[in-house]
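Enquirer:
Residue numbers (the numbering used here): 138 to 247.
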């Protein structure tokens, strides 16, 4: 459980960083409003980085990613009636973070 928690926190920090950097890189406050490849590629790279610790599981990366992005949205952005749509979008988009660990695994096997 300790490894899951620490890996999820690491993934959460990475998820928040994507949202923090979005306005500086794309000019859009929400990364999914920017050029679509920015958010997709950011999540894949984030998943790759989150998988660097050998104890990282896919579940800890996925959960941490959603939590980090959601907390960033709640704390730093104004929320309105579409918050549930945002959470659903986070859950769907965050599936891309699972591509990163799969790429890392392929590179390690090669």
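The beta carbon of each residue, even a glycine, is placed where N, CA and C say it ideally should be.
Mind checking whether residue 234 and residue 182 have CB atoms under 7 Å apart?
Expert: It is not a contact, given that the beta carbons lie outside the stated cut-off.
Enquirer: Can you give the beta carbon distance from residue 188 to residue 237, rounded, assuming they're within the 8 Å contact cut?
Expert: Residue 188 to residue 237, Cβ: 6 Å. Contact.
Enquirer: Does residue 184 pass the burial test, meaning 16 or more other C-beta atoms within 10 Å, or should it be called exposed?
Expert: Buried, by the Cβ-count rule.
Enquirer: Does the Cβ of residue 148 have 16 or more other Cβ atoms within 10 Å, making it buried, or fewer, making it exposed?
Expert: Result: buried.
Enquirer: So does the region 215-222 actually touch the region 162-178, counting three or more Cβ pairs closer than 8 Å?
Expert: No, they do not touch.
Enquirer: I'd like to check one pair, residue 140 with residue 192: are the Cβ atoms closer than 7 Å?
Expert: Yes. Within cutoff.
Enquirer: Residue 202: buried (16+ other C-beta within 10 angstroms of its C-beta) or exposed?
Expert: The residue in question, residue 202, is buried, as its Cβ has 16 or more Cβ neighbours within 10 Å.
Enquirer: Check whether the Cβ atoms of residue 200 and residue 145 lie closer than 7 Å to each other.
Expert: Against a cut-off of 7 Å, the Cβ pair of residue 145 and residue 200 comes out as a contact.
Enquirer: Is the beta carbon of residue 177 closer than 7 Å to that of residue 155?
Expert: No, the pair does not count as a contact, with Cβ atoms beyond the cut-off.
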